[in-house]
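There are 2 protein chains.
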Amino acid sequence: MLDHAPAAPRAISPFAGDSSVERRTQELGKKLLMDLQRQERGGGLQDRLYGAMMGIAMGGGDATKTEMFRFVDVLPALKTPEAVTTHLNEYLLKPAVTLPAGASSVLRFGGRSAFTRRLMSAAVQQGTRMMARRFIAGADAQEALGVVEGLRRQNLAFTMDLLGEAVTSEAESLAYQKKYLTLLTDLAKLTARWPARPILEAAPFGGVPRVNVSVKLSALYARFDPMAAEATSEAVKERLRPILTLARKTGAFVNVDMEQHDFRGITQRIFQEILCEDEYKDWPDVGIVVQAYLTRSSEDLVALRDWAEQRGTPVWVRLVKGAYWDYETIIAAQRGHGIPVYQNKPETDANYERCAAFLIENWRTLRPAIASHNVRSASHALALAEAVKAPKGAVEFQVLYGMGESLGRALVAQGQRVRVYVPFGELLPGMAYLVRRLLENTSNDSFVKKLSDHADVAALLAPPSAVVTPARPVLTLSNSSQTFVNDPETDFAVPENQERMQKALIAVRSELGLTVPIVIGGKRESSEETIDRADPSDTSRIASRMSCATRDQTERALVSAAAAFPAWRDTPPSERGALLRRTAQELEKRRFKIAAWQVYEVGKPWREADADIAEAIDFCVYYADEMERMTAPRRRDIPGEWNSYIYDGRGPAVIIAPWNFPLAILTGMAVAALVTGNPVILKPAEQSSRVGYFLMEALEAAGVPAGVANFLPGVGETIGPVLVSDPRVALIAFTGSKDVGLSIIKAAAETPPGQREIKRVIAELGGKNAIIIDEDADLDEAVLGVLASTTGFSGQKCSACSRVIVVGSAWEAFQSRLAEAVKSIRIGPAEDPATTMGPVVDEASRERVQKYIAIGKTEARLLAQANVPAHLEDAGNYVPAAVFYDCQPEGRLCREEIFGPVLAVLRAPNLDEALTMASDSPYALSGGFYSRSPANIERIRREFRVGNLYINRKITGALVDRQPFGGAAMSGVGSKAGGPDYLLQFVVPRTITESVMRRGFAPEAG
Amino acid sequence: MLDHAPAAPRAISPFAGDSSVERRTQELGKKLLMDLQRQERGGGLQDRLYGAMMGIAMGGGDATKTEMFRFVDVLPALKTPEAVTTHLNEYLLKPAVTLPAGASSVLRFGGRSAFTRRLMSAAVQQGTRMMARRFIAGADAQEALGVVEGLRRQNLAFTMDLLGEAVTSEAESLAYQKKYLTLLTDLAKLTARWPARPILEAAPFGGVPRVNVSVKLSALYARFDPMAAEATSEAVKERLRPILTLARKTGAFVNVDMEQHDFRGITQRIFQEILCEDEYKDWPDVGIVVQAYLTRSSEDLVALRDWAEQRGTPVWVRLVKGAYWDYETIIAAQRGHGIPVYQNKPETDANYERCAAFLIENWRTLRPAIASHNVRSASHALALAEAVKAPKGAVEFQVLYGMGESLGRALVAQGQRVRVYVPFGELLPGMAYLVRRLLENTSNDSFVKKLSDHADVAALLAPPSAVVTPARPVLTLSNSSQTFVNDPETDFAVPENQERMQKALIAVRSELGLTVPIVIGGKRESSEETIDRADPSDTSRIASRMSCATRDQTERALVSAAAAFPAWRDTPPSERGALLRRTAQELEKRRFKIAAWQVYEVGKPWREADADIAEAIDFCVYYADEMERMTAPRRRDIPGEWNSYIYDGRGPAVIIAPWNFPLAILTGMAVAALVTGNPVILKPAEQSSRVGYFLMEALEAAGVPAGVANFLPGVGETIGPVLVSDPRVALIAFTGSKDVGLSIIKAAAETPPGQREIKRVIAELGGKNAIIIDEDADLDEAVLGVLASTTGFSGQKCSACSRVIVVGSAWEAFQSRLAEAVKSIRIGPAEDPATTMGPVVDEASRERVQKYIAIGKTEARLLAQANVPAHLEDAGNYVPAAVFYDCQPEGRLCREEIFGPVLAVLRAPNLDEALTMASDSPYALSGGFYSRSPANIERIRREFRVGNLYINRKITGALVDRQPFGGAAMSGVGSKAGGPDYLLQFVVPRTITESVMRRGFAPEAG
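Quick note, the sequences are listed as chains C and R, same order. At position 457 of the first sequence the residue is numbered 457 (UniProt numbering), and the sequence of numbers has no breaks. At position 548 of the second sequence the residue is numbered 548 (UniProt numbering), and the sequence of numbers has no breaks.
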């Protein structure tokens, strides 16, 4: 897979390491520092409060800082004094948190009466608001404009940034767009009256607009997705054009901000595409951001320069270090992707200087905006500008509101143009921004922190040391250590991966309609009876044709598996494990092809099809690892007696798989049986025999002995009962519906004469899974999490969310945002990467979903529904996603598994009742909770008893090893696929005791 | 429990540490050493061969020595050159074995042709025979008498010892007795002609008999058992009297030898009792052995002196260091009993000197025989004799044939009387003796080895350093570390423990007939219907009266357990574990009482009753430990996401227990359910409700909450189906017959509406277990192991042996010894410690066993049968143990579980067929193999697929943790009680995932 491998740093400008530049950097730096020291002063109440808070955060250790900032994060969502004091206590009275003497007692006692609660709550809210105001210029444009005017009086220019919630719907995107249009209009009016200030408005290359705004592209389109590059690009450009046009008309400047790394490529693409449109091609008052912490940033600069030269009009580049470092490293670790950022701060600083050198050298094409609070970085830029003989004003300096004004003033004093980045917006959505600033200012790597710690001048101005990042261990499929590593999902933000998928789709389209054979004892067989499988996205098209095994073929498959048992059981576990590892490699080889087949055979969208293969690979590698762990015999040797405890296979295993994870679940059950020494008969779902057949092919390519794996597609009702009741079968692994599962369990409990083993049934059944939304939940996350859990693969997952229970005051905001989010779903064919929800698997499913929507309309009230585009209505098995409220807890909508994108929303007055509602189900598979109350989270961990509980994230997408998957009650027998106890179900343990004492004498050790 | 705690060494003689004695010891020691050096010479072929062998053994490291001696051990059992060469290769071509250059190649190539095999085999056998002859005076008395005459010519006296196989039957005991009588007669004749030698025959206290024999008491009685002290004592005395009488008549001396520590008390008792009989009371020509390695040996000496004074006639005491050190330490470790021997050689040497001082000081009462090859020990004894002014000849010196003659001659040269211990007997039974001598001579602690290594004089004569044995860790029930320690079984060799059991039996006899109540929700209830339980040993006596739960009571028990579930599931696992630990303590408190109840309620003999309680205690402690292990959540934390994997209880559990381990199995299943958070309904077997009720009482005393444990005795057919099919029940743990087990599995697989959990059935069913006897098996062990496995608790164990398969040439000796062993069984009431087999549990069982004996008589031929004494025939449920041969593998005797002491013996031409026969059963529970072929053992480990395989030991008596117990096929669902996977069956795993990233930032660790 193509991934973001860090590029080696390279000098892109001869000035980067120049020694005269370094000398001059030191001189200019010292000057700036002296100026900064002159500016130091007592500060107002705001500064003193802020100083005190930072002192506590940094003095109490990491836990204190974490809990304080987490409290700050949740604070705006708390609606009562009780909620504030409760959260304060929950966050700050933890043993790990160290507060100044007395503070703990104040917290503890402050919560005891309504009066003190009100007092404390008001103080905390007021204090936080003051702290926020240090960094956020105002709750609305009006307030912020006052700040901007104040800056201007200090000879500081501005750019304005509207802080916003995460965009969860098109309604929110449109609102964001509208706010910018209004802002531009307002600013034009306001600034029209301003007298000229040449230092701010004149540059060697001409005028610099007075009005300057910064825009985040992702906020302009709710379905912003780098994988759907084309669709995203078109949609964003459509929203961006009015802003650009208005800006140009009013003489304003528009800067495109940069967000997380995933969005970098698509953001650059949109920026470049739109600015080459005729209307904007000759417009220079636009800019983009380059983040120097990205290992590829210097390449980006070169590409930008080349592009700008081609365009013929310069653009601005704001060079920052980057504000998502934690996020990027966390996400990369979670996904197993390469880390796109430098891992050490000095590396970023060094790269910043390299990029600045390139930028300043190319100032005529890429107008440099040096955005940093680091005096060294600024003075280095100044020195560079001198070195390349750039005229004053060619290089702009930028600082953040509330953090960099002192440096800004010092630079202004030297005649430089300085722009302040001025965020404004409501406190709640502003919290993300506030926390980011607080973290930055308390980071040990931060220049601001070093400065406030009074580090000495030499240290502050030292050139960034060239610290080399330690190489990360290379994780490959053949890694056999106990430290299992999940196979990374394909990064579809990478255009090359999008292309590979498109190519695979094309290739598979030419194969559609081929017949899936039966494999018995290593030989391919056909069958007179076949079943055609229509592409769910386009039912006029046959995806695959399944051979239907006959009774005779079923009998022969049983003979084959039974005959293969002794030799396979006696095959060393290490060899069986090696087969699994090779199978994983074979699946990896076919990765895009299998994904493409899933698109056509079951209508699975790209990412989920890819994830299914990653999971299948994980099962192979994880169970191979697990078998290694189980193979080491457990010894209990005592003098004179050696005892070991080992595992054997049980016997032939029947694997009955569902179609919703057509490769992963089949593979998981099959390879668990295989690695533990049991031959298998694979019965794929009727809807996904072609995808299931890929497992057979991969096993064969990996060298599975004939008869050890048999592939028996067929009609479940015909061959299922034969397989399940056969006395030669020792094991049945089944994933599917409750009713079928229970009937298998019942049939397997019969022990006909001649049956050697009591049958073991491993059954994973259904779910009716609920997510609880607490009053203090982060709705940005909750709305998106519920949406993904409910509509991912059209709700066709046993772990899917089908009930949401909203606690108390969270209702209003949650329901309105959820409704809008549902309406923003784009329903379409699975092959289209812009589709956010594809069809359901077949006509029967479509009818079932429609039936439940009808039931919903009688039992409850429709909150929102996604639209099936008219041209698709009859083209495939499309259903709308539908959300109902005012549901009856005892109604069918709330009790029956629908297996489609239908959601019942319930309201609960408090968490007690929410928990009761959530637990009131015959199933216990998955469940979710969105909350920022440590106590409530702790309680839910204890009391929301489902197989897989997810807190503050979606409830689907369990990963092997990380989230062993499976439930209890009517959701299954209580086993956990991809977990440490799974293989134990497939084995028989043996104890071997050897007395080694002979003639009163025994050897020392085994 | 009373145990052999090491006593602190104490000075029992003022001369022990005297400095003038030490000075004199050095002088005399140097003289002896000089004499020894003078005697050194080249040696004959025998000496050179022996030297070469010892060189290889010691030069190749521990593994080489071990394998060589193990080969020597098996050699006499090998009947063909092929067998010899095969074993040579198997033992000596292991990677760990280091042979001299070329030897490995000789071994490898020597096995390739019949000719070289014959050659090699002959050479090895001849060489070993020569080596044996160094230590064993001859194959029979005639050969040995020649040796004795030769010794006399060197002025050395003798005592003769007949080497024998382990005694497995009364026939063998009687043969042993007869050989001694013949020996005494022959010796009288031979020595009558000898001229007098005063140095050997005159002592200060009068004449010393010319003829001297050493006798092992355990060989005189096949059922020799220190627990059955009275019966053993009477039987041995009866066999010993003719020997003593003949000896006295012919003027011979009889020494009673000392064997393993278990036998010490009973041996002393018999010695003292018989010598106080009128016929022997005034006879001084008798002796006993004291082993100075025993920490209690000095106490024994004091007691012996007091006894001898009381008797009025002196006896001899042979002071040795002790030859069973390895055995004693191994057995103590296996049983968890205190180690009775000093753990460091210098401690033994120091104790030897203390004991010698006491003995020599008391030479008039206890005539000292100083038996040691250690020059220091001998010279110290000489110095002591001088110090106490004992006349020459008051102290005798003894050495072993083949090891101590040089020292003997040196002492003779100083005018001392020296006696050589002369063993004789066939090579095969002599191997144990030979291996013991080889080990002694290659031990680094051995004086003989140091001498041959030419250690310097000062080192050889240094006083034994007072090395302090490191204290062993004290293991208690509350030990909560992961290192589980089995509760030791009561050591019934200790008279105090015998007394406690007798007292408990008396106490319980007065309670017999009491009614066992029902306990529901913490309240005792009665029932109109009760069932009387007769004592199986005496059916005229009512042991207990069981209340029979009604349907209404069953319903209320279900209500009670279901109501108790949520709170019990939510009780912290540590508290549940603590309940188990307290329960273990409560059981321990009632230990002897419960054992006594088992004697009367199910007819279980002492040791097995006690073991049942130890196992119950083990289950409590082990599962508490296991729960601790499982409670530590399995974490899979990655940046920004914390994942844990924990376990919950499943729900109310029904525990249906058998009567054969009436406490242990009930307890094991119950506490596994309890500790994992599941309330239980205990349904004890109808035959053992009183013993089962002890668990209820112990749980209550330990503080189990009301309703968490309910006790529901009743008729299985009535309440069983109600319990099993109830929708509130989540778990059924059953141990019992296959048919009932399969019907439970079937009933539990129904899932009626309203049932919350899919029922989990944990079932341990029957067995039809086989032991294979290989051609080279050690028959001493095999006969006793088969006997114990077949007849222990009258064969009423699911693990009991009911088939034996004898390979090839092992047949003759095995069948004849087994037949005699079976005939030697003493059938009697369970309360009598002399009983080796008690009754079966009830009349139905008796009839069943009798039916199978009848079947055996038609299907096969009776090899042997134990006798039910006539007076017991109608007194209780007594059946004979019966062994059949010429059995039909397809017959009922070989296929059906009998659950009684009936054994089918089959013959197989080779191991292949033996294995096929052994595996040909619908069951796969336990199995055994007796062999000394490393390759065959390895093969059986792989291919004899039973739940519990035992090699070279009995196949019953699995211990918790050491031998997790349970089988596959029709023997159960493949779970293992007392093993690492057992508790997993009682839980539901949960995965909890928390996304901890907020605003792109996450704390470091959970």
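Ideal Cβ placement from N, Cα and C applies to all residues, glycine included. These figures come from a predicted structure and were not determined experimentally.
Within the UniProt domain "Proline utilization A N-terminal" (22-135) of chain C, the runs of alpha helix (DSSP H) that reach at least 4 residues and sit entirely inside it are, in chain order, 45-59, 61-74, 81-92, 103-110, 114-135. Per DSSP, the unbroken alpha helix (DSSP H) holding G150(C) starts and ends at 141-153. When rounded, the separation of the alpha-carbon atoms in A458(C) and Y352(C) is 19 Å. The closest CA to that of A595(R), considering only A670(R), T490(R), L514(R), is found on T490(R).
Distance from the CA of V97(C) to the CA of D62(C), rounded to the nearest whole angstrom, comes to 9 Å. Below the 8 Å Cβ cutoff, chain R contributes R999 as neighbours of M431(C), in chain order. For L959(C), there is no enclosing beta strand (DSSP E), as DSSP gives it neither H nor E. Between S995(C) and the set A1002(R), R953(R), E994(R), the nearest pair of CA atoms involves R953(R).
In the DSSP assignment, V675(C) falls within the unbroken alpha helix (DSSP H) covering 664-675. Your pair S975(R) and Y950(R) does not check out as a contact, with CB atoms roughly 19 Å apart and the cut at 8 Å. Within a 10 Å sphere around the beta-carbon of V302(R) sit fewer than 16 other beta-carbons, which makes this residue exposed. V822(R) is positioned such that its CB atom lies no closer than 8 Å to that of Q850(R). Rounded to the nearest whole angstrom, the CA to CA distance from F115(C) to Q125(C) is 15 Å. Given a length threshold of 4 residues, each whole run of the alpha helix (DSSP H) inside the region 933-981 of chain R is given here in chain order: 934-943. Per DSSP, the beta bridge partners of N255(C) are S214(C), G287(C). In terms of beta-carbon proximity, I758(R) lines the interface with chain C, with at least one pair separated by less than 8 Å. Among the CB atoms of chain R, none fall inside 8 Å of the CB of P684(C). Bridge pairing for M501(R): absent [DSSP].
For C798(C), no pairing in a beta bridge is given by DSSP.
Fewer than three pairs of CB atoms, one per stretch, sit closer than 8 Å, so the region 928-946 of chain R makes no contact with the region 981-989 of chain R. Chain R places a beta carbon closer than 8 Å to that of K976(C), counting this residue as a contact. The C-alpha of R409(C) lies about 22 Å from the C-alpha of F253(C). Listed along chain C is no residue with a C-beta nearer than 8 Å to that of T631(R); the closest approach is about 14 Å. Residue burial is scored here from C-beta neighbours: N255(C) has at least 16 other C-beta atoms within 10 angstroms and is therefore classed as buried. For A624(R) and E700(R), the gap between their C-alpha atoms comes out near 17 Å. The alpha-carbon of S845(R) is positioned some 31 Å away from that of C620(R). By the neighbour-count criterion, in which 16 or more other beta carbons inside 10 Å mark a residue as buried, H373(C) falls on the buried side.
Cα atoms of H871(C) and Q755(R): separation of roughly 46 Å, rounded to the nearest angstrom. Around the beta carbon of I745(C), a 10 Å sphere encloses 16 or more other beta carbons of the protein chains shown; the residue is thus reported as buried.
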